[in-house]
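Scroll down for the structure; my scribbles are underneath it.
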Amino acid sequence: MTEEPKVRIKELYKIFGDVPQEALGHVRQGMTKSELLERHGHVLGLRDINLDIPGRKIQVIMGLSGSGKSTLIRHLNRLIEPTSGEIWVDGEDVLAMGDKALRHLRRFKMSMVFQKFGLLPHRTVQENVEYGLDIQGVDGTEAAERAAKWIARVGLAGFEGHYPGQLSGGMQQRVGLARALATDAEILLMDEAFSALDPLIRTDMQTILLELQEELHKTIIFITHDLDEALRIGDRIAILRDGEIIQASDPQEILMNPADGYITDFIKDVNRAKVVRMRSIMGPPAPAQGAPVAPGDTIEEALQKLHAAPDGCCPVMAGGDLRGTVGIDSAIQALKAPAAASAHYS
Amino acid sequence: MLDFLTEFPSLGRRDLSALRQGIDESFRTFSRAYGEQLEAFFNPLLKFLVWFQDLLTDAPWPLVILVIAALTWFGARSWKITGGTVIAFLLIGIFDMWEDTMATLAMISVATVLCIAIGIPLGILMARWDRAQSVITPILDVMQTIPSFVYLIPVVMLLGIGKVPGLLAVCIYAIPPIVRLTNLGIRLVDREVMEAAEAFGASYRQKLFGVQIPLALPNIFAGVNQTIMMALSMVVIASMIGVQGLGVPVLRAISNQYLALGLMNGLAIVALAIIFDRVSQTYGKRLQAYRETGRE
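If you read the protein sequences in the order shown, they are chains A and B. Mapping to this note's numbering: the first sequence position 221 is 1386, numbers consecutive. Mapping to this note's numbering: the second sequence position 246 is 272, numbers consecutive.
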């Protein structure tokens, strides 16, 4: 990548325990998480995390519970201090920041949405959304106007005077989202923001987020344990296991070329027709008789055109340019999950 | 040999009395040296207490009842409590306990304000630093369990007999709950909410006044309530060192076996306690309106 990443994480380690520095030495020499716990009573949170997060994109960090994903996101605004490593935001060293600079970062540059919402129960919806602005020191009338705008934007107009306790989970998280957006921070940290919601509401919230993102182009770092969610919203996905990143790439890359058996296992239940896109399965430009499809179309969306094409081939067109050709055979091939290379990942 | 086992090898009588005399003497020297300064230090408090008590006793009684009823209404917003308060004060007046009640009321009000002014900051301190907590907690334990007569002695030695030592005795006894519950309330604030405040870059002050204290209010109010109740229960003991009020007739009733007198004044104390309790509780609850509303 030629562009400077918005957020850069370098060789980040986090070990929980009484003497983490000592344990760090063992981990660097290759001790595993379970060995470390058994022999030294320390918990390995993160091991050698290297991740460049591009600006104005949605970076998903995915992993099962205990994989360290919530720990990782809390390092970015230093709610948790690392044991070792570097974190850079816009070329600034976050770990070198003093209290004041850190508060400035949290107030103006990064805002956060929480799994359990983290709303202030004694403040109304309006006051909750104003919270970040209050902290910034924005004056009352301006804060009220900006908050009202975001409340309307997330579809909560009319609920300004309600308390969080009076709202459903989905509505509370809209408040959480509006509160985070109201500060105009460029970076949005979302810690399992939709995980506590019912499936239908969750899909709704994902739609809202994607719509907002189309317009706002924030750098969003989104934590989830749900692969479908990751594939739906992620521009890039990093998969975390036992505190280590196993694969960090384009979602299509993960679907087509999973790095190891663990990920293969992970993706085997995904409805591939809904997530594999034409650009991942197209071949070089060749004569094709079908109607044009877009590189971003999923197999499901393109299948009818492919089926209708006399030769089973469709051109992949983007803005009038021919990008490649896709055949119905490769589409059907892609529906089959890559075989688990080995069932014995550690 | 057997003597050693059956008889505890205590300090000799002479040593002990020397020790006690030494302590007493040094304390006496201390109080002789600093007693006047201490008294001067507490003088504004005394003046305020006297002024407030005179205000309550000298004002026309209907006005006092009106003001109390208004305050009750403001605090509780309940006709039942306000009506009950008015009736209680009328009965107190009819049974000729008006002046003593006013004296007690003044004392309790000032003691409560003092306890809140000192107790809440102490509680905040304890919540912020674990060290402060580990130092202050045992002191509070001692303050709550030591028989009140014991700390009356040094207070009287230092400041003599009168309103201020009485006020101090009441405060020593009544302050622990407000300190404890402020500390507890702040420590019990939801970690998620605190993390959110932290993530938005709130400073310590912003967290304290914007999140912790508002969310700790139910506990802080329970502390205020307890403090008032404990202050009221000290009224009789405080009257032993010259505090005017409902305690004095009770004390007289004890020493002369006047059942009716003791009962009447005792019940007046109970009436005050109930009024304070109901008003402070309903007021505290009203501040928490957001908790009541229909959660799913």
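Here a beta-carbon is modelled for each residue, glycine too, at the ideal position from N, C-alpha and C.
In terms of CA proximity to I113 of chain B, B:I300 leads the group B:A44, B:I300, B:V196, B:T208. Residue-level contact check: K1234 of chain A does not touch chain B, since none of the beta carbons of chain B fall below 9 angstroms from its beta carbon. Around the beta carbon of W77 of chain B, fewer than 16 other beta carbons sit within 10 angstroms, so the residue counts as exposed. Its chain contains Y1178, I1180, T1248, S1249 as the residues whose beta carbon lies nearer than 8 angstroms to that of L1189 of chain A, once the 5 sequence neighbours on both sides are disregarded; these appear in chain order. In terms of beta-carbon proximity, G236 of chain B lines the interface with chain A, with at least one pair separated by less than 9 angstroms. Among the residues of chain B, those whose CB is under 7 angstroms from the CB of G1297 of chain A are F226, following chain order. Between the alpha carbons of I1446 of chain A and G1484 of chain A lies a distance of about 19 angstroms.
In this structure, DSSP gives P203 of chain B a helical state, which the three-state scheme calls helix.
Separation of L1201 of chain A and L1270 of chain A (C-alpha to C-alpha, rounded to the nearest whole angstrom) is 34 angstroms. Each residue's CA atom was taken as its position, placing M1443 of chain A and L1241 of chain A some 34 angstroms apart.
Taking a Cβ-Cβ cut-off of 7 angstroms, the neighbours of S1276 of chain A in chain B comprise F226, given in sequence order.
Using beta-carbon distances, A223 of chain B counts as an interface residue toward chain A, with a partner under 9 angstroms. Taking 9 angstroms as the cut-off, the Cβ atoms of I1428 of chain A and L1468 of chain A do not count as close. Cβ contact annotation for R213 of chain B (same chain, cutoff 7 angstroms, sequence separation greater than five): A153, in chain order. Identification of residues in the segment 1382-1403 of chain A having a C-beta nearer than 8 angstroms to some C-beta of chain B yields an empty set. Classified as exposed, Y60 of chain B has fewer than 16 neighbouring CB atoms from the shown chains inside 10 Å of its CB.
Taking the Cβ atoms as the reference, M256 of chain B lies roughly 6 angstroms from Y199 of chain B, within the contact range of under 8 angstroms. For G1210 of chain A, the number of other beta carbons within 10 angstroms of its own is at least 16, and it is reported as buried.
In the assembly as shown, P1185 of chain A is a buried residue. Its beta-carbon has 16 or more other beta-carbons within 10 Å. Contact between the segment 1320-1337 of chain A and the segment 1288-1306 of chain A is present: three or more C-beta pairs spanning the two stretches fall below 8 angstroms. DSSP, reduced to helix, strand and coil, places R1268 of chain A within a helical segment of the structure shown.
Taking a 10 Å sphere around the C-beta of W1315 of chain A, we find 16 or more other C-beta atoms and assign the residue as buried. At least 9 angstroms separates the CB of E33 of chain B from every CB of chain A. A Cβ-Cβ contact shorter than 9 angstroms links T1348 of chain A with F1273 of chain A. Against P240 of chain B, the close residues of chain A are H1287, in the order they occur along the chain (beta-carbon pairs closer than 7 angstroms).
Cβ neighbours of A1358 of chain A within its own chain (closer than 6 angstroms, five residues either side excluded): V1278.
The continuous beta strand (DSSP E) containing P1480 of chain A extends over residues 1478-1483.
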